[in-house]
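For the sequence shown, full-length UniProt numbering begins at 1 and goes up steadily by one. We put the CB at the ideal spot given by N, CA and C, even for glycine. Contents: one structure, followed by commentary.
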Amino acid sequence: MDILEFSATELAEKIRKREIGAVEAAKASLDQMEKEEKRIHAYLYWDRKAVLEQAENEDRDIRKGKIKSLLAGVPVAIKDNICTKEIPTTCASKILENFVPFYDAAAVRKLKEAGMVLLGKTNMDEFAMGSTTETSAFAVTRNPWNLSHVPGGSSGGSCAAVAAGEGFLALGSDTGGSIRQPASYCGVTGIKPTYGTVSRYGLVAYASSLDQIGPIGRTAADCALLLSILSGKDRRDATSLERKDLDFSGTVDAGVRGLKIGIPEEYLNGADEDVKEAVHQAAVWLERQGAAVETFHLKLTEYTIPAYYIIASAEASSNLERFDGVKYGYRAREYEGLHDMYKKSRSEGFGPEVRRRILLGSFVLSSGYYDAYYLKAMKARALIRQEFSRAFGRYDVLLGPASPTAAPKTGTSLTDPLNMYLSDIDTVAVNLAGLPGMTVPCTVGRNGLPIGVQLIGDCFCEGKLFAAAAAMERERGEWKLPFLAGSRKKEKEAAE
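Right, here's the structure in full:
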C-alpha cells in the first residue's frame with residue numbers, strides 16, 4: 001500500500017511502530033508536491049532540505065523512544081497567514097511579499113512540540129478575503145478534482161494540498177467559512193472550532209472577533225487528533241479559553257444514538273439539487289446510526305450575510321491599518337511625502353478585493369454611518385446568537401450544506417463580488433455566533449465534483465460533531481480522493 005493512501009491517523013500509528021519512518025512520509029509528500037504543484041499551485045513556499053531535516057530529527061527521537069504526540073512524524077501544511085519563524089508569511093499579498101516572521105504562531109509552536117513535520121506554506125485568498133483562492137497575489141490554486149474549477153477559499157491551498165496528497169493534514173483559518181467551504185469543494189474534512197479554543201497568537205488578523213484556526217484532514221479522526229494538539233489556553237491571546245475537554249479523539253467513536261439533529265429549512269433554500277440530495281443522504285445515514293432527524297425553521301438567516309460583511313470589513317479596515325509601508329512590507333518606490341507614501345504603498349500593495357473591504361469597513365465605521373450600519377450589524381449578531389441558542393435547546397447538532405453549490409469554474413466568481421459574498425450564506429452565521437462547525441465529504445455530484453455537508457454544534461460541543469461525522473463516514477464507506485485513482489488502477493491491473 002502506498003504511503004499516500006494512509007490517513008494521518010493510520011500513518012501516525014505506523015510511524016510509532018517504526019513500520020514507516022517520518023523521513024519516508026515526508027519524502028512521499030514532497031515527491032507528490034513536486035509532481036503536482038505545476039498543476040495545483042497549493043503551496044507558496046516549501047524547502048525540501050529543511051523538511052527532511054525536521055523528519056530526520058523526529059525519526060531520531062522516535063528511535064530513542066521519545067514519542068511527542070499521537071501525530072509525531074506526520075507531515076502537515078500551514079496556511080500562509082499563520083506566522084512561521086524564519087519562513088515567509090505573506091498572506092498571499094504583495095504588501096507582505098518579503099515578510100519573514102521572527103517567531104512562531106502558537107499553533108505552529110504546538111505542532112513542533114508535537115513532533116509534526118512542517119511541509120510549507122499554502123496559498124490563500126489575499127488576507128483571507130475571498131471564497132475561491134483567486135485573489136492571491138502570487139498564484140491561482142486549482143481544484144484537484146477538476147483543474148478548471150476553484151478549490152474554494154480562503155483556505156483553498158490547504159484543502160487542495162490535502163485533497164491532492166500533498167500533505168496528510170493542514171492548518172486553515174476560518175473567518176466566515178474559510179475552512180468549511182473549501183473542504184466541501186475539495187472533498188476533505190475540516191472543522192472550525194468554538195471561538196477561543198485555538199490561540200490566535202501569530203494568526204495575521206482579518207476580523208479578530210471572527211477568525212479561528214482549525215484543522216483540515218481526510219477523516220474525522222484525523223481532525224480530532226490535530227485539534228487536540230492545537231487547543232488550549234494561551235496567555236498571549238486574551239480571547240483563548242481554558243477548557244478541560246480537549247481530548248477530542250476520544251469522542252470519534254461515541255456514536256449518535258439518541259442524538260437529535262435538526263436541518264434548518266432556510267439553509268436548503270436556493271441550494272442546488274445535488275447539494276439538497278447530499279444533505280438528505282447524510283440525514284438518512286445519521287438515522288441509520290440511531291439519531292433522530294427533523295427539519296425546522298431557523299430565523300434571521302437572511303441577515304447573516306449583511307451583518308457578517310459589515311462586521312468583518314469594519315474589523316479588517318482596523319487590522320490592516322498597520323500595513324503602511326513604514327515598518328515592514330511593501331513600500332512604493334516613488335512618492336512625495338509621508339501621506340503620499342501611505343497612499344501609494346497601500347494602493348499598490350493591496351489587491352482589489354482587499355481594498356474593496358477596507359473601503360467598506362471604513363465607510364460603516366465613519367461618522368454618521370456607524371449607527372446606521374455597524375451598530376445595527378452588532379445588534380443583528382446578538383439576535384443570531386439567541387436564535388442558535390433556541391435551536392440548541394431542541395437539537396444536539398444542526399445539519400445543512402457547507403455551500404449552496406459545488407465548486408464553480410475558475411474566473412466566474414470575481415466578476416460578481418456580491419454573488420461571491422452570497423455563496424457564504426451557509427457558513428458565516430457560525431462565526432458570528434462563535435460556534436463550532438464541521439464539513440464532512442458526502443458524495444460526488446453529477447458534474448464529478450465533491451459535495452460536503454456541514455455539521456454545527458453548540459459552543460464547546462465539538463465532540464458531538466466528531467461523533468456525527470464518524471457515524472456518517474461509517475455509512476458512507478471509503479472516500480476516494482482523486483490523486484489515488486492512478487495507484488488503485490495500477491493495483492487492480494496487477495491483480496488481474
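Reduced DSSP category for residue i - H, G, I as helix; E, B as strand; rest coil
i, result
"I179", "coil"
"G463", "helix"
"H41", "coil"
"G190", "strand"
"C442", "strand"
"K110", "helix"
"T304", "helix"
"P401", "strand"
"N98", "coil"
"I67", "coil"
"S173", "strand"
"K480", "coil"
"L435", "coil"
"P215", "strand"
"L455", "strand"
"S231", "strand"
"V198", "strand"
"G157", "helix"
"M129", "coil"
"M1", "coil"
"Q289", "coil"
Close-in-space but distant-in-sequence residues of the same chain around residue i (CB under 7 angstroms, 5 per side omitted)
i, result
"R446", "D274"
"A276", "Residue identity check: residue 276 is Lys in the sequence provided, not Ala. Around K276: L268."
"Y342", "D324, G325"
"residue 568", "What is shown of the chain runs 1 to 496, which leaves residue 568 out entirely."
"A494", "With a pLDDT of 39 at A494, under the threshold of 50, the modelled position of that residue is not reliable, and the figure given next carries that caveat. Closer than 7 angstroms at the Cβ level, and outside the excluded window around A494, lies no residue."
"F466", "A220, A224, F248, T251, V252"
"I310", "V364, Y373, Y374, A377"
Residues near residue i by beta carbon distance below 6 angstroms, same chain, minus five either side
i, result
"W285", "M472, E475"
"L360", "S313"
"C186", "P151, C159, A160, A163"
Identified DSSP bridge partners for residue i
i, result
"E294", "G262"
"L383", "DSSP lists no partner for L383."
"P75", "V117"
"W46", "G120"
"G337", "For G337, which the question treats as bridged, DSSP gives no partner whatsoever."
"P450", "V444"
"K409", "H149"
"N143", "N146"
"I87", "T84"
"L203", "I82"
Residue i classed as buried or exposed, judged by whether at least 16 other C-beta atoms fall within 10 angstroms
i, result
"Y206", "buried"
"T415", "exposed"
"A114", "buried"
"M438", "buried"
"H297", "exposed"
"M129", "buried"
"W479", "buried"
"D2", "exposed"
"D245", "exposed"
"K464", "buried"
"Y369", "exposed"
"D103", "At residue 103 the sequence reads Tyr, which differs from the Asp that was named. Per the 10 Å Cβ criterion, exposed."
"K110", "buried"
"N431", "buried"
"A28", "buried"
"G167", "buried"
"G152", "buried"
"S389", "exposed"
"S367", "exposed"
"D371", "exposed"
Expected contact under 8 angstroms - CB spacing of residue i and residue j to nearest Å
i, j, result
"R333", "G325", "Rounded, the Cβ-Cβ distance is 11 angstroms, inconsistent with contact."
"P193", "Q212", "6 angstroms"
"V108", "T132", "About 26 angstroms separates the two Cβ atoms, so there is no contact after all."
"D253", "A470", "7 angstroms"
"T443", "A183", "Not confirmed; about 14 angstroms, so no contact."
"A12", "L70", "6 angstroms"
"V198", "L230", "5 angstroms"
"N123", "L449", "No, N123 and L449 are not in contact; Cβ-Cβ is about 20 angstroms, not under 8 angstroms."
"G457", "P441", "With 8 angstroms as the limit, G457 and P441 do not qualify as a contact, their Cβ atoms being about 18 angstroms apart."
Cut-off 8 angstroms between Cβ atoms - residues of its own chain near residue i, not counting five sequence neighbours on either side
i, result
"T89", "D80, N81, I82, C83, L96, F99, V100, P101, K121, V204"
"G270", "P404, I425"
"F483", "L4, Q32, E36, P144, A163, A164, G165"
"K489", "Any reading at K489 must be qualified, since the residue scores a pLDDT of 41, below 50, and its modelled position is unreliable; the value itself is stated next. Excluding sequence neighbours, K489 sits near nothing in its chain."
"W46", "L30, M33, L119, G120, K121"
"K492", "Unreliable positioning characterises K492 in this predicted model, as indicated by a pLDDT of 41, which lies under 50. A coordinate reading is not provided."
Any non-hydrogen atom of the ligand NAP closer than 7 angstroms to residue i Cβ
i, result
"F127", "For the ligand NAP, the structure offers nothing, since it holds no ligand at all."
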